[in-house]
Structure formats: structure tokens, C-alpha cells
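S.K.:
In full-length UniProt numbering, the protein residues as written are 1 to 591.
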């Protein structure tokens, strides 16, 4: 369970559901970048108050297994490393005995083999945490991985999911490898028992296990007196820009993972089966009996919220970045975003052209880019991955671009690599860029875009009733089309107490972008890629009067500009027995 993927108002609820299944321990990562966004400035309050989460686990009779990180993988931004490593140590080799690096204890043998580094991590952890703590490593089930990951005087553990066949034979093989490579005599441990898997943008099918093989695998491990930790028992949501990127594309916002406890806290058939299995264990062998289930929270629909399209996207952004202190001027080539202290999100690049041309090319592009010429949208470019490939763009301007025109490029950082992380993953716009083969190497200006500042500027233009000033005169609806735009919507709800409720933003009909509700960045939506079509909105975010802002990057597919919030999640996997149907079946069962 990842505290950083759960709204803090829901920590207690999720831990109670966890304990109600009869489990006795919760395993969690601590991501370095989540707590030290700026070098030397640590944050352990609010949604980062991990000591509070650990105390809550204790109150719920749960032991805590801590994965220190800072490399955690977890499909999290940069695998848990902070962005500023790129700025201050651009040549660092991560996860090695490079003296500037720090300690990950996560699947090290899958990528590297540096025992000196692992010994240093072990000694550092002992120095800081004492001798009473049990240290363990986690690696995959192969001789190669287990030769490189474990280290002396630590317990070696393995990770594996449900075998596709011969379940008992394979599990025996996996634990035999663990025992062979562990320098410490100890229990058989599967520290990451995969029952399902995460999704990426563009996925057409999902990895989903039938309940029977999951329970059979648990039974086999139980008979072997082995310990196992579910990955995940509850996944949660990668709010904001925390969702990471694999080598072949970005990961969706939802981290539901098909886990026993759904993203919104729902009790699934898999949860029920696990709880029933635990309940059948003899009391003298398993004293943590299942507890009564907490009531499910209620999903609420909020339909027909009118989203006003702001007239001038470029001017809104220019007014935001013009007062930003995150700008660097007059560089001969575009700079990576870390150079001007930008962590992730959106970045604005500008250049006054010194040449004419029609075709813009960015061979080193690592993200998505949206191109404007004198404020007019020309098209978009993208890194080559599973979602598309467009590193060149024919400008829409008749006759192409002319010398003296201003070219603006909005870059969307789609996330840093989560695995395998051994080198820094810088983001932004990278030289060379060409216009009809001629390098654009004159004076560039680059600025970070502060979404909270945009939100505040829009709210500042609302009257006492929460109505945006342009809404009083603009009632003509919206026009679907290409290109970035900002939509603002204000809405009220009749629900007084949202603490036991939640909703989902239905992104169908929109294109690709970012949703903010009442200053909280809920993450990316991308229905044109799927499979995730909805964004989870915790009840604690909703008030009687609300403001929603969409940073719509590719242009909506529909023409009405309406934002719909519904009571359940939707996915569009191609599987006949897809995830959406799976969750709908669960909803019926819960009712």
C-alpha cells in the first residue's frame, strides 16, 4: 500500500479495509523525491506525513515493512529519485558505488551487480536504524538476479506472481533459489506477490488473474510456511505528475492495479476470496482474524458542468510565466527543464526565428511538444513510443514560418523513467532543432509553467458567486478542435458532507490533458489512448462550491464543453471480459 497514492483523508479507511481482510503487515515504499523536492528541504507533513501513516498502521494491529528507497521503481516518477540530481549531478551513475548515490534495496540484481555498493547501503542503514531492524533485499527468481542483489548479513527475499502452470512446482523452485542465495537463515518470503499488473497509456488488454490460481498460490506458500506480501493489495492513484514512464511509454494515472481493494476503496471479489481464505486458517496458527468490513463509500454523479473555453491560450500562459522566477533567458539552444529548477509538468519555450521554413524537426525530443507561430497553433510533436511518433512537423501556416516570427513550443513532460534507472533522465526540449534543415540556435527563452498560479489567476477573475467573468456573456458553447486550450468550470453540489463519498471525472469526449479541481492536480486524462477513461476524485477535494480547470492539450473530441462526473470508473480494454466489466460486476456484488 502506497501512502503517497492515497489521499490522507482516506489513509485510515484503507488501512481498516486492509486489516479487515485478516492481514497482519503492510509494506510501503518511501520515495525520496516525494519528501525532498528541493535539496536539503524535507517535507513530512500533510500527504507526506509517513510517521502518521505508520502510527495508523500500528493502531490497526499491522506490522510495517519499510522499503527505504530512495530507488523504489513502483512506476513512480524517476523511480523515486529527485529531479535535482539531473541538475547538480548530471553525470552521476545511479544505483552504483558512485560516492554521490544513495540506497535503494529494490530488485538491484535485475539491473546491476555492485556488491561494494550494496555493502555500503547495508552499513549505512545499520548505522542509522540500529541492529534490531531486520534488513532484506528483494530480487527476481533467477540465479543471475540473486547473485547480484543479496548481500551478507541481510535476508534475501524474492518476488513472483501466480505461475501460469504447475503452481506448486514453480513456487518450490522460486523459494529454493531464495534459500540458496540468502546469507542469513530465515523464512521463505515472497515480498512482491503479483496478483495483477499496472496499465500504460495505449494498453488494449490487461493482465488479470483468475481468483482460483491466486488462492491456490497462497495455499501453496502457506503450506511451505512462507510469508508473502501482495503487490498491490490497494494501489490508489498517481495524482498530479507522479506517474512515471517505462521505456516504451508513459503509465496511466490510476494505480488501481486490479488490486483486491479498488482505487476508490471498493471491495472486490478477489478481496472477498482472500478474506475467506484467511478466515479458514486455524486460529492458533493465524491469530489475525478477519474483522467486519467497513461500509463502502458512495460514488456520486455530477453531470452537466459547463466548461468555458478561455479565448486565448497563449496569452493565459504568457501572463503566467511572465512573472515566474523559473525562467532563463538568452540561451543559444533550449535548456533542459532542470536547468531552471523545474521538476515536472509543462514548460514554455520561445524563440524569434532568424530563418524561414516549413518543416520543424526535433530529433532529440523525449516528450510531447505543441507548436505555436505568432500565437497560432501549428500542430504537435511527440517522442516515439507506444502512443505515437512524430519528431517532425509541417507547419500549418500558409507559406511556412518567416524570419522575425515568434515560435512558442509548449513541452509536456510525460514522466521520467521508473525502470531500469541507472542514468539521469533529463526532460525538456533538446538541441538540435531544425527548420527546413537549418539549426535554430539563436536566443531561446524557457520558463516553467505554474499550474497553481494559473488556477489562482482564473479564480481572481470570478465574482462573489463563483462565476468566471466571461461566463456572463459567453453562452455559445464550445467548438471541438485541435490544439491546447484551457477550460474553466464552476459548479455547486447539494451534498453537504463528502467525507464518505467520491466521484470520477469522465474524460470521454475530451482529448488529452490535465484536470485540476479546487487547486488539486488530479492527474492526466487521455481517452483517445485509453484504457483509463475516468479520473478518481476523492470526496475530500469536493466542496459545496467548486472550480475545475482542464488544461486540454490536444483539443476536445466533442463540441459541448461539458464536464461530467460519474459514480464509477471506466476502462476501454478490448478484452471481452475487460476491467470495466470486472469493476461493474463488483459494484453489483457490493450492492
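Idealized CB from N, CA, C, for every residue including glycine.
From 194, 525, 183, pick the residue whose C-alpha is nearest to that of residue 171; which is it?
M.R.: For the purposes of this step, residue 171 is identified with residue 171 of the chain shown, where counting begins at 1. Taking only the C-alpha atoms, the option nearest residue 171 is 194.
S.K.: If you reduce the DSSP assignment to three classes, tell me which class residue 125 lands in.
M.R.: Position 125 of the chain shown, counted from the start, is the residue given in the question as residue 125. Correct three-state label for residue 125: helix.
S.K.: Out of 520, 387, 457, which one is the CA nearest neighbour of residue 527?
M.R.: Position 527 of the chain shown, counting from 1, holds the residue named residue 527. Considering only alpha carbons, the answer is 387.
S.K.: Looking at C-alpha atoms only, which residue of 451, 17, 264, 183 is the closest neighbour of residue 519?
M.R.: Position 519 of the chain shown, counting from 1, holds the residue named residue 519. When only C-alpha atoms are compared, the closest one is 451.
S.K.: Among residues of its own chain, excluding the 5 on either side of residue 473, which ones have a beta-carbon nearer than 7 angstroms to its beta-carbon?
M.R.: In the chain shown, residue 473 corresponds to position 473, counting from 1. Only weak support is given to the placement of residue 473: the predicted model assigns it a pLDDT of 40, under 50, and the value that follows is read from those uncertain coordinates. Closer than 7 angstroms at the Cβ level, and outside the excluded window around residue 473, lies no residue.
S.K.: With DSSP run on the structure shown, which of helix, strand or coil describes residue 188?
M.R.: Numbered from its first residue, the chain shown carries residue 188 at position 188. Of the three classes helix, strand and coil, the one that applies to residue 188 here is coil, per DSSP.
S.K.: If we count the other Cβ atoms within 10 Å of its Cβ and call it buried at 16 or more, is residue 350 buried or exposed?
M.R.: Reading the chain shown from its first residue, position 350 is the one you call residue 350. Buried, by the Cβ-count rule.
S.K.: Report the rounded CA-to-CA distance for residue 283 versus residue 115, giving the unit in angstroms.
M.R.: By one-based count along the chain shown, residue 283 stands at place 283. By one-based count along the chain shown, residue 115 stands at place 115. The alpha-carbon atoms of residue 283 and residue 115 are separated by roughly 42 angstroms.
S.K.: Name the DSSP bridge partner or partners of residue 336?
M.R.: Position 336 of the chain shown, counted from the first residue, corresponds to residue 336. Per DSSP, 428.
S.K.: According to DSSP, which residues form a beta bridge with residue 118?
M.R.: Position 118 of the chain shown, counted from the start, is the residue given in the question as residue 118. Answer is none; residue 118 lacks a bridge partner.
S.K.: Here's the rule I'm using: 16 or more other beta-carbon atoms within 10 Å means buried, otherwise exposed. How should residue 204 be labelled?
M.R.: Along the chain shown, read from residue 1 onward, the residue named residue 204 stands at position 204. Answer is exposed; the Cβ neighbour count stays below 16.
S.K.: Using beta-carbon positions only, say whether residue 339 and residue 444 come within less than 9 angstroms of one another.
M.R.: Sequence index remark: in the chain shown, residue 339 carries index 339 (1-based). Sequence index remark: in the chain shown, residue 444 carries index 444 (1-based). Taking 9 angstroms as the Cβ cut-off, residue 339 and residue 444 do not qualify as a contacting pair.
S.K.: So, with DSSP's three-state summary, where would you put residue 206?
M.R.: What you label residue 206 is simply residue 206 of the chain shown in a count that begins at 1. Three-state result, residue 206: coil.
S.K.: What's the call for residue 375, buried or exposed, on a 16-neighbour Cβ count within 10 Å?
M.R.: The residue given as residue 375 occupies position 375 in the chain shown. Looking at its Cβ environment, which holds fewer than 16 other Cβ atoms inside 10 Å, residue 375 is exposed.
S.K.: Using a Cβ-Cβ cut-off of 6 angstroms (strictly less than) and excluding sequence neighbours within five positions of residue 458, which residues of its own chain qualify?
M.R.: Counted from its first residue, the chain shown places residue 458 at position 458. Same-chain partners within the cutoff: 488.
S.K.: Going by the beta-carbon positions, is the gap between residue 273 and residue 214 smaller than 9 angstroms?
M.R.: Position 273 of the chain shown, counting from 1, holds the residue named residue 273. Position 214 of the chain shown, counting from 1, holds the residue named residue 214. In this structure, residue 214 lies closer than 9 angstroms to residue 273 by Cβ.
S.K.: With a Cβ-Cβ cutoff of 9 angstroms, do residue 523 and residue 553 count as a contact?
M.R.: The residue given as residue 523 occupies position 523 in the chain shown. The residue given as residue 553 occupies position 553 in the chain shown. Taking 9 angstroms as the Cβ cut-off, residue 523 and residue 553 do not qualify as a contacting pair.
S.K.: Under a three-way DSSP split, which group does residue 487 fall into?
M.R.: Along the chain shown, read from residue 1 onward, the residue named residue 487 stands at position 487. Three-state DSSP puts residue 487 in a strand.
S.K.: Name the two residues that bound the continuous beta strand (DSSP E) containing residue 448.
M.R.: Here residue 448 corresponds to residue number 448 of the chain shown, with the count starting at 1. Residue 448 -> beta strand (DSSP E) spans 444-448.
S.K.: Which word fits residue 226, buried or exposed, when buried means at least 16 other C-beta atoms lie within 10 angstroms of its C-beta?
M.R.: What you label residue 226 is simply residue 226 of the chain shown in a count that begins at 1. The residue in question, residue 226, is buried, as its Cβ has 16 or more Cβ neighbours within 10 Å.
S.K.: Between the Cα of residue 310 and the Cα atoms of 500, 521, 455, 59, which residue gives the shortest distance?
M.R.: On the chain shown, position 310 is the one that residue 310 refers to. The residue with the shortest Cα to Cα distance from residue 310 is 455.
S.K.: From 275, 561, 73, 72, pick the residue whose C-alpha is nearest to that of residue 507; which is it?
M.R.: Taking the first residue of the chain shown as position 1, residue 507 is located at position 507. Of the listed residues, the one whose Cα sits closest to residue 507 is 561.
S.K.: Going by the beta-carbon positions, is the gap between residue 251 and residue 244 smaller than 9 angstroms?
M.R.: Numbered from 1 along the chain shown, position 251 holds the residue referred to as residue 251. Numbered from 1 along the chain shown, position 244 holds the residue referred to as residue 244. Yes, the pair counts as a contact, with Cβ atoms nearer than the cut-off.
S.K.: Since residue 539 contacts residue 499 with CB under 8 angstroms, what's their CB separation in whole angstroms?
M.R.: Position 539 of the chain shown holds residue 539. Position 499 of the chain shown holds residue 499. With a Cβ gap of about 6 angstroms, residue 539 and residue 499 count as contacting.
S.K.: Would you kindly work out how many angstroms separate the C-alpha atoms of residue 147 and residue 186, rounded to a whole number?
M.R.: Here the question's residue 147 lines up with position 147 in the chain shown. Here the question's residue 186 lines up with position 186 in the chain shown. For residue 147 and residue 186, the distance between alpha carbons rounds to 18 angstroms.
S.K.: With 16 as the cutoff for other CB atoms within 10 Å, does residue 144 come out buried or exposed?
M.R.: Here residue 144 refers to the residue found at position 144 when the chain shown is read from its first residue. So residue 144 ends up on the exposed side.
S.K.: Would the beta-carbon of residue 68 fall within 9 angstroms of that of residue 253?
M.R.: By one-based count along the chain shown, residue 68 stands at place 68. By one-based count along the chain shown, residue 253 stands at place 253. No, the pair does not count as a contact, with Cβ atoms beyond the cut-off.
S.K.: With distance defined between alpha-carbon atoms, name the residue in 156, 184, 142, 270 nearest to residue 173.
M.R.: Taking the chain shown and counting its residues from 1, the one referred to as residue 173 is at position 173. Closest by alpha carbon: 142.
S.K.: Pick out the complete beta strand (DSSP E) segments inside the region 523-574, 3 residues or longer, and give them in chain order.
M.R.: Runs found: 534-538, 545-552, 562-566.
S.K.: Mind checking residue 439: buried by the 16 CB within 10 Å criterion, or exposed?
M.R.: Taking the chain shown and counting its residues from 1, the one referred to as residue 439 is at position 439. Answer is exposed; the Cβ neighbour count stays below 16.
S.K.: Between the C-alpha atoms of residue 271 and residue 55, what's the straight-line distance to the nearest angstrom?
M.R.: Residue mapping note: residue 271 aligns to position 271 of the chain shown, counting from 1. Residue mapping note: residue 55 aligns to position 55 of the chain shown, counting from 1. Cα-Cα distance, rounded: 24 angstroms.
S.K.: Starting from residue 176, trace the beta strand (DSSP E) both ways and give me its first and last residue.
M.R.: The sequence position of residue 176 within the chain shown is 176, counting from 1. First-last for residue 176: 167-181, but that is the alpha helix (DSSP H), not the beta strand (DSSP E).
S.K.: Our contact map puts residue 353 next to residue 404 with C-beta atoms below 8 angstroms; I'd like the distance itself, whole angstroms only.
M.R.: What you label residue 353 is simply residue 353 of the chain shown in a count that begins at 1. What you label residue 404 is simply residue 404 of the chain shown in a count that begins at 1. Confirmed, Cβ separation roughly 7 angstroms.
S.K.: Can you look up residue 146 in the DSSP assignment and give me helix, strand or coil?
M.R.: For this step, residue 146 is matched to residue 146 along the chain shown. In the structure shown, residue 146 sits in a helix (DSSP, three-state: H, G or I).
S.K.: Output the distance between the C-alpha atoms of residue 571 and residue 531, rounded to the nearest integer angstrom.
M.R.: As a first step, residue 571 is located in the chain shown; it is residue number 571 there, counting from the start. As a first step, residue 531 is located in the chain shown; it is residue number 531 there, counting from the start. Spanning the two alpha carbons is a distance of roughly 5 angstroms.
S.K.: Using CA coordinates, which residue listed in 393, 398, 556, 414 is at the minimum distance from residue 434?
M.R.: If you number the chain shown from 1, residue 434 lands on position 434. Among 393, 398, 556, 414, the Cα nearest to that of residue 434 belongs to 393.
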